[in-house]
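Our numbering applies: residue 8 is where the sequence shown begins, and numbers increase by one.
Working notes for the structure below.
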Amino acid sequence: MFITFEGIEGSGKSTQLRRLAARISDAVVTKEPGGTPLADRIRAILLDSSSHLDPVAELFLFAASRRQHVVEIIRPALKRGAAVLCDRFTDSTLAYQGFGRLIDLDKLRALNAWATESLTPDLTLLFDLPEEVGLSRARSRNAEAVHDEGRFEAEELRFHRRVREGYLALAVSEPARFAVINAEGDVDEVYARVEAELVRRKPEVLR
Ligand code: TYD
8 MFITFEGIEG SGKSTQLRRL AARISDAVVT KEPGGTPLAD RIRAILLDSS SHLDPVAELF
68 LFAASRRQHV VEIIRPALKR GAAVLCDRFT DSTLAYQGFG RLIDLDKLRA LNAWATESLT
128 PDLTLLFDLP EEVGLSRARS RNAEAVHDEG RFEAEELRFH RRVREGYLAL AVSEPARFAV
188 INAEGDVDEV YARVEAELVR RKPEVLR
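Here is the structure:
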């Protein structure tokens with residue numbers, strides 16, 4: 008079982024992923040970009056605000072990181088029957104590089120398929136909330152963490168609005184795979200929505 012978690016910054020998906028993992032036996036928790044030592048090095052380049060990355064070079068780095076991650080971690084875990092919970096996957100590329108950076112979606116789909124050998128999640132939880140709310144959550148978290156806010160969080164509101172709308176369009180086009188979760192409210196309220204979707208769609212993974 009392959010479950011991915013998607014949404015704009017500050018949607019709370021990573022917190023929800025950890026909560027859900029505790030309810031699943033044999034869960035492998037991982038994230039993109041990253042997930043392997045090599046992919047983590049690529050991640051550092053991608054998130055560093057001092058990287059002056061061309062959009063297509065950026066795309067290829069996401070694809071390289073994903074390829075390594077699928078080969079080294081995701082495929083082997085799925086093969087042995089684990090439930091893989093992944094924070095961001097191919098839909099992030101469609102939402103950010105496609106709807107955000109306006110790179111052609113068909114090219115992105117072809118690259119995603121190439122990098123993953125067409126591995127598609129069984130279920131994608133999309134944590135949806137207004138971009139202003141997400142960004143202000145993400146920025147206050149980063150202010151506490153005293154680290155760099157990152158190349159993506161520094162993008163203007165308009166960019167994040169396109170990403171959010173892009174995600175919602177993807178969900179409309181694949182309703183059987185996507186569950187859209189209202190990410191407003193506190194952690195417990197949102198988690199109750201997550202479990203309700205799991206009970207409805209994939210009850211076999213819950214212990
Ligand atoms: P991260 O710190 O993991 O953010 P978050 O906690 O919001 O998941 O940073 C990942 C950033 O990379 C995030 O802004 C989304 C972006 N991204 C893409 O643009 N394309 C992709 O394919 C992936 C996986 C992530």
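Here a beta-carbon is modelled for each residue, glycine too, at the ideal position from N, C-alpha and C.
In this structure, the beta-carbon distance from ALA29 to LEU92 does not fall below 8 Å. The straight-line gap separating the alpha-carbon atoms of LEU24 and SER57 is approximately 30 Å. Shown here, GLU13 sits in a strand according to DSSP, grouped into three states.
Leaving aside the five residues that flank ASP33 on each side, the residues in its chain whose CB is nearer than 8 Å to its CB run, in chain order, GLY88, ALA89 and ALA90. Excluding residues up to 5 positions away in sequence, PRO62 lie with their Cβ nearer than 7 Å to the Cβ of ARG108 in the same chain. DSSP places ILE52 in the helix class (H, G or I) of the three-state scheme. Distance from the CA atom of GLY42 to the CA atom of PHE9, rounded to whole angstroms, is 15 Å. Close CB contacts of LEU101 within its chain, under the 8 Å cut and outside five residues either way in sequence, are with LEU112, LEU115, ARG116, ASN119, GLY173 and LEU177 (chain order). Pairing ILE81 with LEU126 gives a Cβ-Cβ distance under 8 Å. Here ASP94 is buried, its C-beta having at least 16 other C-beta atoms within 10 Å. In the three-state reduction of the DSSP assignment, ALA29 falls in the coil class. Counting only unbroken stretches of 3 or more residues, the beta strand (DSSP E) elements lying wholly within the region 65–146 are 90–94 and 130–135, in sequence order.
The beta-bridge partner set that DSSP reports for VAL194 is empty. THR37 has CYS93 as its beta-bridge partners, per DSSP. Annotation for PHE166: the continuous alpha helix (DSSP H) segment containing it runs 164–180.
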